[in-house]
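Heads up: the sequence lines are chains V, A and G, in that order. Heads up: the first sequence is residues 1 to 275, going by this note's numbering. Heads up: the second sequence is residues 276 to 605, going by this note's numbering. Heads up: the third sequence is residues 606 to 928, going by this note's numbering.
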Amino acid sequence: MQVYRGVSTPRMRIYGTILLAIVLACAFGPYFTGYGINEIHWDYVDHPPSFSEGFPLGTDSNGRDLLTRILHGGRISLTVALAATLVSLMIGVMYGAISGYIGGITDEVMMRVVDMLYCLPFIFFVILLAVLFGRSVVVVFIAIGAVEWLDIARIVRGQVLSLKHKEFVDSARVLGVPAGKIVRRHILPNLAGIIIVYTTLTVPRIILLESALGYLGLGVQEPMASWGVLVADGARVMDTAPWILFFPAAALTLTVFCLNVLGDGLRDYFDPKTK
Amino acid sequence: MTDPEPPRRMLSIRNFSVTYPTPAGVVTPVINVNLDIARNEALAVVGESGSGKSQLFLGSLGLSGRNARVTGEVLFEGKDLVTASERELRQIRGRRIAYVFQNPLTSLNPYLKIGTQMAEVLARETGAQGGHIRERCVEALDMVQIPEGRRRLDMYPHEFSGGMRQRAMIAMALLCKPDLLIADEPTTALDVTVQAHVIDLLGRLRRELGMSVVLITHNLGIVAGFADRTAVMYGGRVIELGETREMIAGPRHPYTLGLLEAVPELDDDIMSPLATIPGQPPNPLQLPAGCTFHPRCRIAEARCVEDVPELATVHAGHGSRCIKWPDVHP
Amino acid sequence: MIADPTDSRPLLQVKQLGVRFLVKGGFLRPKKQLKALTAIDFDVAPGESLGIVGETGSGKSTLARSLLGLVDPSEGSILWAGKPLERKSRAAVRKDLQVVFQDSLGSLDPRWTVGQSIAEALTTHSSRSASEIDQAVQKVMTDVGLRLELAGRFPHELSGGQAQRVAIARGLILRPRMIVFDEPVSALDVSTQAQILNLIDRIRKSEGLSYLFISHDLAVVRRIVDRVLVLYLGRIMEIAGRDEFFARPRHPYSQALIAAVPSTRGHKHQHAVLSQDIPSPLAPPSGCVFRTRCPKAADLCAATVPPLVENQRRHLVACHFPG
Chain V
1 MQVYRGVSTP RMRIYGTILL AIVLACAFGP YFTGYGINEI HWDYVDHPPS
51 FSEGFPLGTD SNGRDLLTRI LHGGRISLTV ALAATLVSLM IGVMYGAISG
101 YIGGITDEVM MRVVDMLYCL PFIFFVILLA VLFGRSVVVV FIAIGAVEWL
151 DIARIVRGQV LSLKHKEFVD SARVLGVPAG KIVRRHILPN LAGIIIVYTT
201 LTVPRIILLE SALGYLGLGV QEPMASWGVL VADGARVMDT APWILFFPAA
251 ALTLTVFCLN VLGDGLRDYF DPKTK
Chain A
276 MTDPEPPRRM LSIRNFSVTY PTPAGVVTPV INVNLDIARN EALAVVGESG
326 SGKSQLFLGS LGLSGRNARV TGEVLFEGKD LVTASERELR QIRGRRIAYV
376 FQNPLTSLNP YLKIGTQMAE VLARETGAQG GHIRERCVEA LDMVQIPEGR
426 RRLDMYPHEF SGGMRQRAMI AMALLCKPDL LIADEPTTAL DVTVQAHVID
476 LLGRLRRELG MSVVLITHNL GIVAGFADRT AVMYGGRVIE LGETREMIAG
526 PRHPYTLGLL EAVPELDDDI MSPLATIPGQ PPNPLQLPAG CTFHPRCRIA
576 EARCVEDVPE LATVHAGHGS RCIKWPDVHP
Chain G
606 MIADPTDSRP LLQVKQLGVR FLVKGGFLRP KKQLKALTAI DFDVAPGESL
656 GIVGETGSGK STLARSLLGL VDPSEGSILW AGKPLERKSR AAVRKDLQVV
706 FQDSLGSLDP RWTVGQSIAE ALTTHSSRSA SEIDQAVQKV MTDVGLRLEL
756 AGRFPHELSG GQAQRVAIAR GLILRPRMIV FDEPVSALDV STQAQILNLI
806 DRIRKSEGLS YLFISHDLAV VRRIVDRVLV LYLGRIMEIA GRDEFFARPR
856 HPYSQALIAA VPSTRGHKHQ HAVLSQDIPS PLAPPSGCVF RTRCPKAADL
906 CAATVPPLVE NQRRHLVACH FPG
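Okay, here's the thing in structure tokens:
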């Protein structure tokens, strides 16, 4: 019988390494490409990838180095996605766990609040924020965070409702364990699987949401770029300069795929039945 | 021991084994089982969880799951079910051989009316149509003593009590007038009061419809008044097989004896502690060598560890897989 | 802790306890009231064991849950050592009143090891050192017959009997005065059931423990209780000492329960087995709740609820025509 079992499987190690490489490249890459994000080369508009010319991934319709822009875009996309996911998780898990565990009237009121927020038109909300605070990444981030926690709050509440009637929770109550401790020690750890799956689904969704906002001119502004904006730009010229679509899309897809593999692996790791 | 050739054999299981690969190793829940079920016979298969009693019949009907390896023969009216195609099996399952599962709540779809679920079975298995279907459903409910069948057909499973749900499951199994009914722990989830009723019902249905019935259970108490013959399983093997009354009066395997003594009864002497079988049921990944029961056996000796005992004939129709069977006494 | 035989004051007193639930009536229909328990009256002496029997829907589990504070009573009171047991005063008796549920696997957190689960009471309540806790866990594991190496296992790695032993161990670790066993053996195989019953009996003798033993199997109850309480649709039908109850059951329902116990010896039953199912607790019969299944039912039974009367010393029956 195997006694010690590490967190990682070979599959997780491979994709984890790829993800780490992407993150590091986005973080430090822009210092080494030799171009600025808005450095325009009028002689090289829509230039295909070419190492000899110095543009390994080609240039975009404004003659800017695509590699540099993808790396810069990755910084924004990943930061927004991670931060917004973390914030929505923190709010959503707490909110859902409290609502579900206390139940009764409290639960009713808390869930009606969620329903009301669901009704808020997302785009209207973002325009409102943009008018009040100006267009910036922070606004995008607040807008997404404010909307995304609603889903996880509902999911967590549903899980907590079923968990709190499990006999191990009753046993803990009979032992006199206080409610806060029960939630912390028995309920939240049993939500780990669903939270991880949710995270791996949310990160890519937020990247796409952000790009939709960018497309409408409400998100990140030129000359800054996110992956979503780059994909949108590339889609416009995909028949004449397909690489402008291909490389940002590849970066996005690879990242999302790595996240999914890691998410699956972590979920298995946190499930005691697979140990 | 060879079976004394029951005259009209219904189902004949020969050298039957089921093997599963698992991440931790190969598991063999059923090992080399030989069993015959005669027409209109009531057979009880008794064993604890993990003894292979359910796997034996699920495997016989081709319901073992994709990764299972099934060997041996299961002859149903001369047809070998082990080599039969999925299509042929579907012709037999449900129509000729019906299977009633342990948990009546999870075997019924909570969102469909009882009548709808029963009609579905009828339409699928017999192609019956129209108003005739309702009639036959009411008839089946009547047979399992669910009164006011017409009204009950429009109810949902949650409106039935546990015992009524189990009877409705039996009614569904009866719709196609099967020749063999396999009831897998039909009373385990039920109250004692209702258990007796369901067992009585199975016995009556068998007589009235001329079916064969296999009762799979862990409770030796309920087989006494019901089964003609009883097979006791342990660690995937049939370890004792014989006429129920005779076996209960004089078990010839230490495990059967242990099981019998462990059942609390109303006329026990309660001053002495309840007899127990020490230890735990065997781990299917590491079955003990020789007789699977020897680590828990009171009369085991050195030679019990060497070979798997054959089914020794106590006398015609009663066999025991214990080399020391003459020494087994209450 | 050995019960003091001179202390005749009851450990637990239940007075006119009633529990009602509101049940959703379906779409756009009013909520219905479900009387889970009505006028429950009994007491348990220190060191005494009381069996609570009845079918599914009789209110056995609701009774256990209301004693444990998992369900709030709608009326009546529960006294512990003479003092009312309410939400506030419950903390004081936590240590003394513990529970073992039927689904022992479900009563263990799947993410906690056996050792962690058993120690939970200690890590919650007391400021004991790690080594003291470790010693206590080792002792209680030995008491219930668990090998110490199981402490590091997870619940899904246990057999049914082992899981039930773990559940008993965690109930015992605080050295309580009373344990509520809610159908502790009905999910177990026969040979394991016998082991657990003997364990419960042994613990009771060595610890001087009181317990409530909830079960639907009278043959099991007979082995390990001093008195029997029969519930039907939330009402008490009969209370009697064990020997008296099994020798001379007075209520037709008790007689039917005894008749339903299966026997390998195939002896004939004196009384008929119940044929119908228990009525819905949402619409209990008028008068005596048992009358719809009772062979002796008469007009009187439909009109008035039979009171629970003591017709012999310590033998109480709620029946107009006790047998």
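We treat Cβ as the ideally placed atom computed from N, Cα and C, and that holds for glycine.
query, result
"Beta carbon proximity, K181 of chain V to chain G, threshold 8 Å", "yes"
"Cβ neighbours of S326 of chain A in the same chain (closer than 6 Å, five flanking residues each side left out)", "M508 and Y509"
"Closest residue to S891 of chain G among G:S885, G:Q881 and G:C906 (Cα-Cα distance)", "G:C906"
"Residue ranges of each alpha helix (DSSP H) within the segment 787-837 of chain G, 4 or longer", "795-812 and 823-829"
"Residues that R840 of chain G bridges to, as DSSP identifies them", "G:Y837"
"CB contact check: K873 of chain G to chain A, cutoff 8 Å", "Note that K873 of chain G scores 49 on pLDDT, short of 50, meaning its location in the model is unreliable; the coordinates nonetheless yield the value given after this. No, its Cβ sits nowhere closer than 8 Å to a Cβ of chain A."
"E167 of chain V: contacting residues in chain G (beta-carbon distance under 7 Å)", "F706, D708, G711 and S712"
"Three-way DSSP call (helix, strand, coil) for M285 of chain A in this model", "strand"
"For G656 of chain G, the nearest candidate out of G:S820, G:S796 and G:R758 (CA to CA)", "G:S820"
"For L668 of chain G, the first and last residue of its enclosing alpha helix (DSSP H)", "K665 to L672"
"Per DSSP, the bridge partner or partners of P296 of chain A", "A:V301"
"Any 3 or more C-beta pairs closer than 8 Å across the segment 678-689 of chain G and the segment 616-625 of chain G", "yes"
"Extent of the continuous alpha helix (DSSP H) to which S77 of chain V belongs", "L66 to I102"
"Limits of the unbroken alpha helix (DSSP H) element including M508 of chain A", "Where M508 of chain A is concerned, there is no enclosing alpha helix (DSSP H), although the beta strand (DSSP E) it sits in stretches over R504 to Y509."
"Any C-beta of chain V under 8 Å from that of L777 of chain G", "no"
"7 Å CB neighbourhood of L209 of chain V in its chain, flanking five on each side removed", "I144"
"Opposing strand residues paired with W717 of chain G [DSSP bridges]", "According to DSSP, W717 of chain G bridges with nothing at all."
"Through-space distance from I808 of chain G to M546 of chain A, alpha-carbon basis", "16 Å"
"Backbone secondary structure at L252 of chain V - three-state DSSP", "helix"
"As assigned by DSSP and simplified to three states, the class of Y15 of chain V", "helix"
"Contacting residues, own chain, Cβ-Cβ under 6 Å from L67 of chain V (five flanking each side not counted)", "T33, P56 and L57"
"First through last residue of the beta strand (DSSP E) which encompasses K629 of chain G", "Looking at the DSSP string, K629 of chain G is not in any beta strand (DSSP E), and its letter there is neither H nor E."
"Proximity of G594 of chain A and G517 of chain A at Cβ, strictly below 8 Å", "yes"
"CB contact check: G176 of chain V to chain G, cutoff 8 Å", "yes"
"CB-CB length for G235 of chain A against A317 of chain A, believed under 8 Å", "In this structure chain A extends from 276 to 605, so residue 235 of chain A is not present and cannot be described."
"Under 7 Å by beta carbon: chain V residues contacting R614 of chain G", "Simply none; closest approach about 24 Å."
"Chain V contact for A726 of chain G (CB, 8 Å cutoff)", "yes"
"Burial state of Y101 of chain V (16 or more Cβ within 10 Å)", "buried"
"Identity of the residue in A:R427, A:A464, A:V357 and A:K354 nearest G438 of chain A by Cα", "A:A464"
"Between the CA atoms of L675 of chain G and R913 of chain G - distance to the nearest angstrom", "It is Leu, not Arg, that sits at residue 913 of chain G in the sequence shown. Using only the alpha carbons, I get a separation of about 27 Å."
"Nearest neighbour of P999 of chain G, chosen from G:A644, G:Q638 and G:V658 [CA to CA]", "With chain G covering 606 to 928 only, the question about residue 999 of chain G has no answer from this structure."
"Closer than 8 Å to chain G by CB, D170 of chain V", "yes"
"Through-space distance from I98 of chain V to R185 of chain V, alpha-carbon basis", "14 Å"
"Alpha helix (DSSP H) runs contained entirely in the segment 466-551 of chain A, provided each spans 4 or more residues", "467-484, 495-498, 519-524 and 529-537"
"Interfacial residues, the segment 364-381 of chain A to chain G, with Cβ spacing under 9 Å", "none"
"Residues from the segment 821-838 of chain G in contact with chain A, defined by Cβ distance under 8 Å", "H821, D822, L823, A824, V825, R827 and R828"
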